[in-house]
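Using this note's numbering, you'd call the opening residue of the sequence shown number 3 and step up by one each time.
Glycine is no exception: its CB is placed at the ideal position from the N, C-alpha and C atoms.
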Amino acid sequence: MKEALEQIRQTASQLIAAADSEKAVDELRVRFLGKKGELTGILKQMGKLSAEERPVVGALANQVREEIDERIRARMKELANAALTARLAGETIDVTLPGKRPEQGGLHPFHLVLNDFKDIFLGMGFDVVSGPEVELDHYNFEMLTIPKTHPARDTQDTFYITENILLRTQTSGMQIRTMEKRKPPIRIIAPGRVYRSDAVDATHSPIFHQIEGLVVDEGITFSDLKGTLEVFIKKLYGPDTKVRFRPHHFPYTEPSAEMDMSCFKCGGKGCSMCKGEGWIEILGCGMVHPKVLENCGIDSEKYTGYAFGIGLERVVMMRYGIDDMRLLYENDLRFLKQFN
Ligand code: DAH
Numbered sequence: 003m004k005e006a007l008e009q010i011r012q013t014a015s016q017l018i019a020a021a022d023s024e025k026a027v028d029e030l031r032v033r034f035l036g037k038k039g040e041l042t043g044i045l046k047q048m049g050k051l052s053a054e055e056r057p058v059v060g061a062l063a064n065q066v067r068e069e070i071d072e073r074i075r076a077r078m079k080e081l082a083n084a085a086l087t088a089r090l091a092g093e094t095i096d097v098t099l100p101g102k103r104p105e106q107g108g109l110h111p112f113h114l115v116l117n118d119f120k121d122i123f124l125g126m127g128f129d130v131v132s133g134p135e136v137e138l139d140h141y142n143f144e145m146l147t148i149p150k151t152h153p154a155r156d157t158q159d160t161f162y163i164t165e166n167i168l169l170r171t172q173t174s175g176m177q178i179r180t181m182e183k184r185k186p187p188i189r190i191i192a193p194g195r196v197y198r199s200d201a202v203d204a205t206h207s208p209i210f211h212q213i214e215g216l217v218v219d220e221g222i223t224f225s226d227l228k229g230t231l232e233v234f235i236k237k238l239y240g241p242d243t244k245v246r247f248r249p250h251h252f253p254y255t256e257p258s259a260e261m262d263m264s265c266f267k268c269g270g271k272g273c274s275m276c277k278g279e280g281w282i283e284i285l286g287c288g289m290v291h292p293k294v295l296e297n298c299g300i301d302s303e304k305y306t307g308y309a310f311g312i313g314l315e316r317v318v319m320m321r322y323g324i325d326d327m328r329l330l331y332e333n334d335l336r337f338l339k340q341f342n
């Protein structure tokens, strides 16, 4: 029996050392130490031994069991460690590989230019205000002295929602909304979307953007208007830019003017951008009509004011040399990425 035990000890130790998976080791545990295993088989025969032999063989059997048990645990641990090492090796990260940069968003050219607008006007003491795009006829036209029969309505193809509600065709209604709420001194700009039933092409869009400006205070004159707008244009396009004012007509200003700036591309010599003129029309402006002030409950004997309206698209296109307005709306990343 002793030999049989020694035999088991030897075979088990060899097989365990050779086992190459945790499953194989477990099978060996069952084979040697299990209820029907080889060692148990031997122990069952202990009864046949003499009283002297029994404790000796018993002790040996225990020793063999412990030894096999110990080897099995050790081998299991070894295999588990090896498996872990192999897995870690497979998952190695090469820190020298160039990283993937996460895509970063940026500001649309509208916002880049609008932020400059805001900086310039905030620096001159203006507030930025905003109002509804779905507007009452009352604010968009009536209070600006453009009654239903006025020919000025023909030039602005309006999207009507009902007879009295429309998509605003201009930001000028913000003059009225502001004067109804605030008392002079007033200094505001009001940027926002406006809508006109225009077909889309390189220079037109049914949705575009304007920035309205309004100043009302005691003693405001046309030279305040000229000075402020000239400073603004020079800050936006550079100190060498020149401006000129041409008489014009708007129902809500008197006198009214349009302001041109010297072509940013040719500096005034004449090129394809300014169609050989050397000048580019940039905004409409004028002294707020006394009737408009009175409409808003402001004493036109005491207060005067000026107003202006600029199309943002034009300014953005000239700033970056963009020749097709549609590029600004299509959200093509190849285009937008150039600005950030
Ligand atoms: N509302 C005019 C337009 O859409 C622009 C404009 C002209 C605004 C003169 C003004 C102004 O405030 O005084 O064409």
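| Item | Value |
| --- | --- |
| With the cut-off set at 9 Å, would you say Val130 and Arg321 are in Cβ contact? | no |
| The alpha helix (DSSP H) spanning Glu80 covers which residue range? | 55-92 |
| Taking the alpha helix (DSSP H) that Met181 falls in, what are its first and last residues? | 175-183 |
| Are there 16 or more other CB atoms within 10 angstroms of the CB of Gly215, so buried, or fewer, so exposed? | buried |
| Over what stretch of residues does the beta strand (DSSP E) that includes Gln47 continue unbroken? | No beta strand (DSSP E) contains Gln47, which DSSP labels as neither H nor E. |
| Mind listing, in chain order, the continuous beta strand (DSSP E) runs of no fewer than 3 residues lying wholly within the stretch 260-297? | 281-290 |
| Could you compute how far the alpha carbon of Arg73 sits from the alpha carbon of Ile18? | 7 Å |
| Can you tell me whether Glu5 is helix, strand or coil according to DSSP? | helix |
| Considering only the beta carbon of each residue, do Phe123 and Phe210 sit closer than 9 Å? | no |
| Is it a yes or a no for the stretch 125-143 touching the stretch 187-204, going by three-plus beta-carbon pairs under 8 Å? | yes |
| Is it buried or exposed, Val196, if we count other Cβ atoms within 10 angstroms and call 16 or more buried? | buried |
| With Gly125 as the anchor, note down where its alpha helix (DSSP H) starts and where it stops. | 111-125 |
| For the stretch 200-225, list the beta strand (DSSP E) runs that are entirely contained and at least 3 residues long, ordered along the chain. | 209-219 |
| Ends of the beta strand (DSSP E) at Arg189? | 188-197 |
| For Glu332, is the beta carbon positioned less than 8 Å from some heavy atom of ligand 1? | no |
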